[in-house]
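Written below as structure tokens is the structure these notes are about.
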Amino acid sequence: MELKQLYREIVNEHNLHPTHRGIMADPTIVLRGVNPSCGDDINLQLKIENGMIADAMFDGSGCAISQASVDMMIDGIIGKSREEAIALAGKFMGMIRGEGSEEDLEALDEAAALQDVAHMPARVKCAVLGWHTMEEALESFHG
Amino acid sequence: MTVEELRKDFPILENHPEVIYFDSAATSQRPRQVTDAVRDFYETANANPLRGLYEWSTEATARYEAARAHVARFIGAASPEQIVFTRNTTESVNLVAYTYGLANLKPGDEIALSVTEHHSNILPWQMVRDRTGARLVWLEPDGEGILTDAEIEEKIGERTKLVAIGQVSNVLGVTHPVARMIERAHAMGARVMVDGAQAAPHMPVNVSELNADFYAFSGHKLLGPMGIGALYVKQEVLENLPPFLTGGEMIEYVTRESATWAELPHRFEAGTVNAAGAAGLDAALTYLERVGFPFIREQEEKLTKRLMGRLASMPYIRVFGSGDPAKHAGIVTFTMEGVHPHDIASVLNEDHICIRAGHHCAQPLMQFLGVGSTARASLYFYNTEEEVDRFADALTGVREVMGYGA
């Protein structure tokens, strides 16, 4: 998808009107993710119940791609188990490396719209910030 | 001489009329004369300079030394031996820090530097601080971004041993009162390292009149090749400066246990030198002198005025630094309300417009300005008014693409 179209049709909606932006009252895990070179800075908050991601929210600031990517990610991980969410992050990273299969893209749902970021090396870090943060948060969590 | 005529010398601009290159503060484009000089070196005089006993090597040496003499004339140094070739300004500052800095700074000494500095004129001094016990003292600019006399008087004092200052800020484009700072520093017994990377492409420099102790600039920002830069060192300082890198080409006599150093300035140019790059730099300086700084300045001011005028009509744009286009050295740094600078640059790229976005290797300045990152359009004399208009139109388009209506 052409970049301007990507912004207009998908990124803007999640960047300007995010569903999951905010501060959670009682998160199980909070992890900050930062891209020092561009100033993308998010706080990812996850609520884990019985090994499942019951809810997730984020706050912070950054470019539209980083913010939209987290919002789309949260759409995709709520209701998933810790393992499923980590596996989904693996699929997203694979897609950004240009290695995603059709099934991976399908599993990623709307987040698959960011697949063309694979051709924009300067924006890769923006797209994966939320996913990296989520992976790190879940891998360090032994609840 | 017109801009249209000059642009014909720049193949990359001629071959890509659809591209608007507004990132000359990062690296300039090169005219054919420069790439021809590099190619000519390799095709007609290629040999290892400074040591050969045959004609090609003698010719390679002659071109390398001619370039050094040209650099000396270009910045008003008294003698070519005061010019050390380096890779770039970063290497030049490191050379000064590792040699002069480590040999002369002690606990309690102060290194005065401006928050407007590029990281390359900050990190080497943090290293010197860590290894010597000296202290960093920060000068902060006024609302325009320029260091005031009061700030200079207050921060450069009796404990100051070294002042590190970028003559022109790579973010704000403002020119600091370097001559005034050098005068103050010398009165306090301190030496001054001037980073001229953003100044030398835009204005005449005379290191002797400035009375600078160290002055560095990069070839690639003033039409020269990448990988060649120059460091001027005042004679009395140069003579007592310990070597930086050691090895081939910088020695006089070596035994199993010791060595004596080559004459100045070869002592500071260890290993095979970038003679082809120096030949390219020589051609770049010739080209700049032919265009002339009056023309360069006039063109930059005309373009900057037009650009700032267009930006002023966009209420969602904030421009940093002076309100006076003459105080920008072609650099216009800005933010757009609600849109991250990286998104601005990515969307502009779709319209074949090249700008820089981020912290511009000047994070302390970003912190001082209270912004995470900014977008920067940097112009040079080969840019046109039509490009400025297309850029401004594209910027209004960025707002729309990012969801803020037309």
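Read top to bottom, the protein sequences are chains A and B. Count the first sequence with the numbering used here and you get residues 1 to 143, in order. Count the second sequence with the numbering used here and you get residues 1001 to 1406, in order. Don't be surprised by glycine CBs; every beta carbon is placed ideally from N, CA and C. None of the values given here were measured: they were computed from a predicted structure.
Distance between residue j and residue i (C-alpha atoms, nearest Å)
i, j, result
"A:Glu-83", "A:Ala-112", "20 Å"
"B:Pro-1011", "B:Val-1034", "11 Å"
"B:Tyr-1042", "B:Ile-1228", "16 Å"
"A:His-142", "B:Ala-1025", "49 Å"
"B:Asp-1282", "B:Asn-1015", "25 Å"
"B:Gly-1292", "B:Leu-1102", "39 Å"
"B:Ile-987", "B:Ala-1216", "Since the displayed chain B opens at 1001 and closes at 1406, residue 987 of chain B lies outside it and no answer follows."
"B:Thr-1002", "B:Arg-1290", "12 Å"
"B:Val-1273", "B:Glu-1144", "41 Å"
"B:Asn-1240", "B:Asn-1104", "11 Å"
"B:Gln-1029", "B:Ile-1331", "16 Å"
"B:His-1070", "A:Met-93", "52 Å"
"A:Ile-74", "A:Ala-56", "6 Å"
"B:Ile-1122", "B:Val-1168", "15 Å"
"A:Gly-100", "B:Thr-1086", "45 Å"
Contacting residues, own chain, Cβ-Cβ under 8 Å from residue i (five flanking each side not counted)
i, result
"B:Ala-1262", "Glu-1249, Met-1250, Ile-1251 and Glu-1252"
"B:Ser-1208", "Gly-1076, Ala-1077 and Ala-1078"
"B:Asp-1036", "Ala-1283"
Counterpart residues of residue i in DSSP-defined beta bridges
i, result
"A:Gln-180", "The structure shown does not extend to residue 180 of chain A, since chain A spans only 1 to 143, so no value can be given for it."
"A:Ile-23", "Answer by DSSP bridge pairing: none, since A:Ile-23 is not bridged."
"B:Thr-1175", "B:Val-1168"
"B:Leu-1231", "B:Val-1084 and B:Ala-1216"
"B:Val-1319", "B:Phe-1334"
"B:Val-1339", "B:Met-1336"
"A:Asn-35", "A:Asp-40"
"B:Tyr-1021", "B:Cys-1354"
"A:Met-52", "A:Glu-49 and A:Ser-81"
Three-state secondary structure (DSSP) of residue i
i, result
"B:Val-1192", "strand"
"B:Val-1371", "coil"
"B:Ser-1114", "strand"
"B:Asn-1015", "helix"
"B:Leu-1139", "strand"
"A:Arg-97", "coil"
"B:Phe-1334", "strand"
"B:Ala-1259", "strand"
"B:Ala-1216", "strand"
"B:Val-1254", "strand"
"B:Lys-1161", "strand"
"B:Met-1181", "helix"
"B:Ala-1326", "helix"
"B:Asp-1149", "helix"
"A:Ala-68", "helix"
"B:Ala-1377", "strand"
"B:Ala-1072", "helix"
"A:Phe-141", "coil"
"B:Ser-1028", "coil"
"B:Phe-1413", "Residue 1413 of chain B is absent from the structure shown; chain B starts at 1001 and stops at 1406."
"B:Glu-1269", "coil"
"B:Phe-1010", "coil"
"B:Thr-1246", "coil"
Residues near residue i by beta carbon distance below 6 Å, same chain, minus five either side
i, result
"B:Met-1193", "Val-1096, Ala-1164 and Phe-1214"
"B:Ala-1060", "Ala-1045, Ala-1047, Pro-1049 and Ala-1275"
"B:Leu-1245", "Ala-1270"
"B:Val-1171", "Thr-1333, His-1360, Ala-1362 and Leu-1365"
Same chain, Cβ closer than 7 Å to residue i, five either side skipped, listed in chain order
i, result
"B:Asp-1023", "Cys-1354, Ile-1355, Arg-1356 and Ser-1378"
"A:Asn-15", "Ala-64, Gln-67 and Ala-68"
"A:Ala-137", "Ile-29, Leu-31, Leu-44 and Leu-46"
"A:Thr-133", "Leu-31, Gly-33, Ile-42 and Leu-44"
"B:Pro-1325", "Glu-1301, Thr-1304, Lys-1305 and Met-1308"
"B:Pro-1031", "Asp-1009, Phe-1010, Leu-1223 and Tyr-1287"
Exposure of residue i, with buried meaning 16 or more beta-carbon neighbours within 10 Å
i, result
"A:Asp-40", "buried"
"A:His-147", "Nothing about residue 147 of chain A can be reported from this structure: the residues present for chain A run from 1 to 143 only."
"B:Pro-1107", "exposed"
"B:Lys-1221", "buried"
"A:Gln-45", "buried"
"B:Lys-1155", "buried"
"A:Gly-98", "exposed"
"B:Gln-1367", "exposed"
"B:Val-1254", "exposed"
"B:Glu-1257", "exposed"
"B:Glu-1337", "exposed"
"B:Thr-1099", "buried"
"B:Asp-1343", "buried"
"B:Gln-1235", "exposed"
"A:Lys-91", "buried"
"A:Asn-50", "exposed"
"B:Thr-1160", "buried"
"B:Ile-1054", "Rather than Ile, the amino acid found at residue 1054 of chain B in this sequence is Tyr. The residue is exposed, with fewer than 16 neighbouring Cβ atoms inside 10 Å."
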